[in-house]
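As structure tokens, the structure follows; a few thoughts come after it.
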Amino acid sequence: MKNLWITAFVAILTIGCKEKTTNAPKEQPMENANTEMSTKPDQGEWKVLFDGTNFDAWKGYGQEGVEDAWKIEEGAMVFYPPKERKEGANYNLVSKEEFRNFVLSIDWKISEGGNSGVFWGVREIPSLSEAYQSGPEIQVLDNEKHPDAKNGTTHQAGALYDMIAPSKDVTNPVGEWNTFVITVNHNANQGSVVLNGEVIVEFPVNGEPWNEMVEKSKFKGWEHFGKYATGKIGLQDHGDIVSFKNIKIKSL
């Protein structure tokens, strides 16, 4: 009889444990959670602006085609400043397409003592002779040998030119490639620059915070500067050899 009671007690205890296990919430496996995160769709798809073979997505600023000063060499577009330049001539490149909210990825290599830049929000207005008169610039520079680097950290490579300085210098030596990932999001009022994998600059892109930055810069009072949320991407002719490659953009 004693054994019968023990057997019955064990059976009841087993059933109770099974019911608790069945009703308990299941913990999601870690691998499933990671898979869901990695397969979450992006807000946009990358659009190639330069694949190393042609200038189809580009044109000269205020022009129809691309000047011979720009060459394609080993998968990169390279600017060689003309030895003789007509007064007032510029060789800036701009994208044929306009963009508003985006992530831009671009590799760049500057020559020794060189200076250039990447613009956004550029408008080709006949009265404006240069892309920088409308488009804010992310600086491309040889920090060691170009004199502009001595004019303050807001003029150094990766800076939002004359407004926000990079938090640190993570440029590679002159002659080596660097990578910018530039984000401009007017909906979130956020902009940023990632240089060689590190976030070095963050800034607002519109409204009063943006206006306050402009008021404290050399661009104060410029009628068209930074006024266009939608505009073209620009690559600067600053009179020095500069190279760009692997240019792609994703709309947000």
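UniProt numbering puts the first residue of the sequence shown at 1, with every later residue one more than the last.
Backbone N, C-alpha and C fix where the C-beta goes; we use that ideal spot for every residue, glycine too.
If we ignore side chains and look at the alpha-carbon of each, how far apart do Ser-192 and Glu-84 end up? Working through the sequence shown from its first residue, we reach residue 192 at position 192. Working through the sequence shown from its first residue, we reach residue 84 at position 84. The straight-line gap from Cα to Cα measures roughly 37 Å.
Can you tell me which of Phe-180, His-186 and Asn-189 puts its alpha carbon nearest to the alpha carbon of residue 258? Summary: the structure shown does not reach residue 258, with the chain confined to residues 1 through 252, and so no result is reported for it.
Work out the CA separation of Gly-44 and Gln-156 for me, nearest whole Å. On the sequence shown, residue 156 is found 156 positions in, with the first residue counted as 1. On the sequence shown, residue 44 is found 44 positions in, with the first residue counted as 1. Cα-Cα distance, rounded: 31 Å.
Compute the Euclidean distance between the alpha carbons of Asn-54 and Ile-72, then round it to the nearest angstrom. Reading the sequence shown from its first residue, position 54 is the one you call residue 54. Reading the sequence shown from its first residue, position 72 is the one you call residue 72. Approximately 7 Å, taken between the alpha carbons.
Other residues of its chain near Lys-220: CB distance less than 7 Å, five sequence neighbours each side excluded: Position 220 of the sequence shown, counting from 1, holds the residue named residue 220. The residues are Val-214.
Confirm, please, whether the CB-CB distance from Gly-117 to Tyr-80 is below 9 Å. Position 80 of the sequence shown holds residue 80. Position 117 of the sequence shown holds residue 117. No. Outside cutoff.
Assuming Met-77 is part of the beta strand (DSSP E), what are its boundary residues? Locating residue 77 in the sequence shown gives position 77, where the first residue counts as 1. Segment 76 to 79, the beta strand (DSSP E) holding Met-77.
What do you get for His-238, buried or exposed, if any count of 16 or more other CB atoms within 10 angstroms of its CB means buried? Walking along the sequence shown from the start, residue 238 turns up at place 238. His-238 should be labelled buried.
Tell whether a beta-carbon distance below 9 Å holds between Ser-251 and Lys-86. As a working mapping, residue 251 is identified with position 251 in the sequence shown. As a working mapping, residue 86 is identified with position 86 in the sequence shown. Not in contact: Ser-251 and Lys-86 (Cβ atoms no closer than 9 Å).
With 16 other CB atoms within 10 Å as the buried threshold, where does Pro-126 fall? Reading the sequence shown from its first residue, position 126 is the one you call residue 126. Exposed.
Among Arg-123, Asn-185 and Ala-149, which has the Cα closest to the Cα of Glu-112? Start at 1 with the first residue of the sequence shown, and residue 112 comes out as number 112. The shortest Cα separation from Glu-112 among Arg-123, Asn-185 and Ala-149 belongs to Ala-149.
Grab me the residues of Ser-95's own chain with a C-beta within less than 7 Å of its C-beta, minus the 5 sequence neighbours each way, in chain order. Taking the sequence shown and counting its residues from 1, the one referred to as residue 95 is at position 95. Answer for Ser-95: Leu-49, Ala-57, Trp-58, Lys-232 and Ile-233, listed in chain order.
How far does the beta strand (DSSP E) with Pro-144 in it reach, from first residue to last? Working through the sequence shown from its first residue, we reach residue 144 at position 144. The amino acid occupying residue 144 in the given sequence is Glu; Pro does not appear at that position. Where Glu-144 is concerned, there is no enclosing beta strand (DSSP E), given that its DSSP letter is neither H nor E.
Local conformation of Asn-151 per DSSP, three classes: Here residue 151 corresponds to residue number 151 of the sequence shown, with the count starting at 1. If DSSP states are grouped into helix, strand and coil, Asn-151 belongs with the helices.
Contact set for Ile-110: own chain, Cβ-Cβ below 6 Å, skip 5 residues either direction: For this step, residue 110 is matched to residue 110 along the sequence shown. Cβ neighbours of Ile-110 beyond the five flanking positions: Val-140, Asp-142 and Val-242.
Any idea what DSSP makes of Trp-222, helix, strand or coil? As a working note, residue 222 is residue 222 in the sequence shown. Of the three classes helix, strand and coil, the one that applies to Trp-222 here is coil, per DSSP.
Limits of the unbroken beta strand (DSSP E) element including Trp-58: As a first step, residue 58 must be located in the sequence shown, where it is residue number 58. Note, Trp-58: beta strand (DSSP E), 58 to 60.
Under the three-state reduction of DSSP, which class applies to Gln-133: helix, strand or coil? Translated into the one-based positions of the sequence shown, residue 133 becomes position 133. Of the three classes helix, strand and coil, the one that applies to Gln-133 here is helix, per DSSP.
Is it buried or exposed for Glu-31, if we count other Cβ within 10 angstroms and need 16 for buried? The sequence position of residue 31 within the sequence shown is 31, counting from 1. The predicted position of Glu-31 is uncertain, since its pLDDT is 29 and thus under 50; a value taken from the coordinates is nonetheless stated next. Exposed, because fewer than 16 other Cβ atoms sit within 10 Å of the Cβ of Glu-31.
Taking the C-alpha atoms as reference points, what is the distance between Ala-165 and Asn-246? Taking the sequence shown and counting its residues from 1, one reaches residue 165 at position 165. Taking the sequence shown and counting its residues from 1, one reaches residue 246 at position 246. Approximately 25 Å between the Cα atoms of the pair.
Could you compute how far the alpha carbon of Glu-198 sits from the alpha carbon of Arg-123? In the sequence shown, counting from the first residue as 1, residue 198 sits at position 198. In the sequence shown, counting from the first residue as 1, residue 123 sits at position 123. Cα to Cα, the separation comes out at about 30 Å.
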